[in-house]
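In this note's numbering, the protein residues as written are 15 to 263. One structure below.
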Amino acid sequence: MKSLFALIFLIASFQSAADSDLAEIQFVGGKYEDNPSTVYLIKLYTEAFRRIGYDFSYKQAPNKRSSIISDRGVKAAGELSRVRNYNDKHTNLIRLSIPHYSVRFVALAIKRPKLGLNGWNSLSDTDLVVTYRIGTKIIEEFLPKHVPSESIHGVVKVEQGLELLSKNRVDIYIEGDVNVYKFLKKDKYSQANIYIAGVMEELPIYMFIHKNYQDVIPKLNSAMKDMQEEGLFEKYRKEANFTPLSIGE
Numbered sequence: 015m016k017s018l019f020a021l022i023f024l025i026a027s028f029q030s031a032a033d034s035d036l037a038e039i040q041f042v043g044g045k046y047e048d049n050p051s052t053v054y055l056i057k058l059y060t061e062a063f064r065r066i067g068y069d070f071s072y073k074q075a076p077n078k079r080s081s082i083i084s085d086r087g088v089k090a091a092g093e094l095s096r097v098r099n100y101n102d103k104h105t106n107l108i109r110l111s112i113p114h115y116s117v118r119f120v121a122l123a124i125k126r127p128k129l130g131l132n133g134w135n136s137l138s139d140t141d142l143v144v145t146y147r148i149g150t151k152i153i154e155e156f157l158p159k160h161v162p163s164e165s166i167h168g169v170v171k172v173e174q175g176l177e178l179l180s181k182n183r184v185d186i187y188i189e190g191d192v193n194v195y196k197f198l199k200k201d202k203y204s205q206a207n208i209y210i211a212g213v214m215e216e217l218p219i220y221m222f223i224h225k226n227y228q229d230v231i232p233k234l235n236s237a238m239k240d241m242q243e244e245g246l247f248e249k250y251r252k253e254a255n256f257t258p259l260s261i262g263e
């Protein structure tokens, strides 16, 4: 029995030593750690980097600050999660080849006569009053092309958009679906009969790595491909309670 305990202790010691030998690597991003999408990504990249010899960590920072940090490549190795063309302007960053999920920009509405929306064009020639979160670039680009300025109202926080919607002060609230998961599950909003009235656009989302760390990219791409084939992307999504909302839900 003693020899068995000794063997278990020895294996645990080797594992601990192996973990301590991992090189540290940190990424930044704008989403908070308790956001289901962030929980999922931390699980995903902790395993991916472990496979190539790194101890992954994440630090939240406001979006603008996060961009400054990742552009410099000193305090962080890159951005945890950005849209595909993010490095068009942030040229020090290199995009991984595999997206970790897609974000849908959805139109949220209250269940009364259901709206049938599909794409930005479906907002044209309507009398809908729309709110969105200020600073969301893609919404600020396309929404004014289809909705009169007097019918557009910006908010700063997700909760503010949901409040306007739940109190019938606007007809729809357009937001990235990954940003509203946790809020729609709260009693306050789950009882407000909020549903997805349509998808305006869907975009793949990627990790971006600073060129100072570009040597890790081929190995990381390979690890991500293996994990995708092993079903770990879906496994970690379920564990993080990060599952897509259905149209009409």
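C-beta atoms are modelled at their ideal positions from N, C-alpha and C, and glycine is treated no differently.
* Taking 7 Å as the cut-off, is the CB of T145 close to at least one heavy atom of the ligand SAH? -> The ligand SAH is absent from the structure shown, which contains no ligands of any kind.
* Hey, could you find the ends of the alpha helix (DSSP H) V53 is sitting in? => Counting along the chain, the alpha helix (DSSP H) containing V53 begins and ends at 50 to 65.
* To do: Report back the beta-carbon spacing between G133 and M214 to the nearest angstrom; my notes put them in contact at under 8 Å.
  => Right, the Cβ-Cβ distance comes to about 6 Å (below 8 Å), so this counts as a contact.
* In angstroms with no decimal places, state the Cα-to-Cα distance between K151 and Y54. => So the alpha carbons of these two residues sit roughly 24 Å apart.
* Asked: By DSSP, does Y209 sit in helix, in strand, or in coil?
  -> The answer is strand: DSSP assigns Y209 an E or B state.
* Give the straight-line distance between the Cα atoms of P173 and D35, rounded to the nearest whole angstrom. => Reading off the sequence shown, one finds Glu at residue 173, where the question assumed Pro. Distance between the alpha carbons of E173 and D35 is about 43 Å.
* **Closest by C-alpha distance to K125, when choosing among G87, K181, L94, F70** => Measuring from the Cα of K125, the nearest candidate turns out to be K181.
* Per DSSP, which one or two residues make a beta bridge with G92? -> When DSSP reads this structure, G92 sits in a beta bridge with I223.
* Asked: CA-CA distance, F247 and N101?
  -> The straight-line gap separating the alpha-carbon atoms of F247 and N101 is approximately 24 Å.
* To do: Can you tell me which of the three DSSP states V42 falls into?
  => Three-state DSSP puts V42 in a strand.
* Asked: Going by the CB atoms, is the gap between A75 and I66 shorter than 8 Å?
  -> Not in contact: I66 and A75 (Cβ atoms no closer than 8 Å).
* To do: Would you decide whether S138 is buried or exposed? Buried here means 16 or more other CB atoms lie within 10 Å of its CB.
  => The C-beta of S138 has fewer than 16 other C-beta atoms within 10 Å across all chains shown, which makes the residue exposed.
* Could you pull out every residue in the same chain whose Cβ sits closer than 8 Å to the Cβ of E47, ignoring the five residues on either side in sequence? => Excluding positions up to five away in sequence, the list reads V53, I56, Y72, Q74.
* **Backbone CA spacing between S30 and N255 [nearest angstrom]** => Note that S30 scores a pLDDT of 45, beneath 50, so its modelled location is shaky; the value from the coordinates is reported in the next line. Annotation: S30 to N255 spans about 29 Å, alpha carbon to alpha carbon.
* **Short Cβ contact (8 Å threshold) for E93 with S80** => Yes, the pair counts as a contact, with Cβ atoms nearer than the cut-off.
* Is it the case that the Cβ atoms of I208 and L179 are separated by a distance below 8 Å? -> Taking 8 Å as the Cβ cut-off, I208 and L179 qualify as a contacting pair.
* **Terminal residues of the beta strand (DSSP E) in which R251 lies** => Following the DSSP letters along the chain, one finds R251 in no beta strand (DSSP E) but inside the alpha helix (DSSP H) bounded by residues 246 to 253.
* Asked: Just curious, the beta strand (DSSP E) that D69 is in, first and last residue?
  -> 68 to 74 is the span of the beta strand (DSSP E), which, as asked, contains D69.
* Asked: Quick one: what's got a C-beta closer than 8 Å to I112's C-beta in the same chain, skipping five residues either side?
  -> These residues qualify, in order along the chain: Y220, N235, M238, K239, Q242.
* Taking 8 Å as the cut-off, decide whether the C-beta atoms of L176 and I166 are in contact. => No, the Cβ-Cβ distance between L176 and I166 is not below 8 Å.
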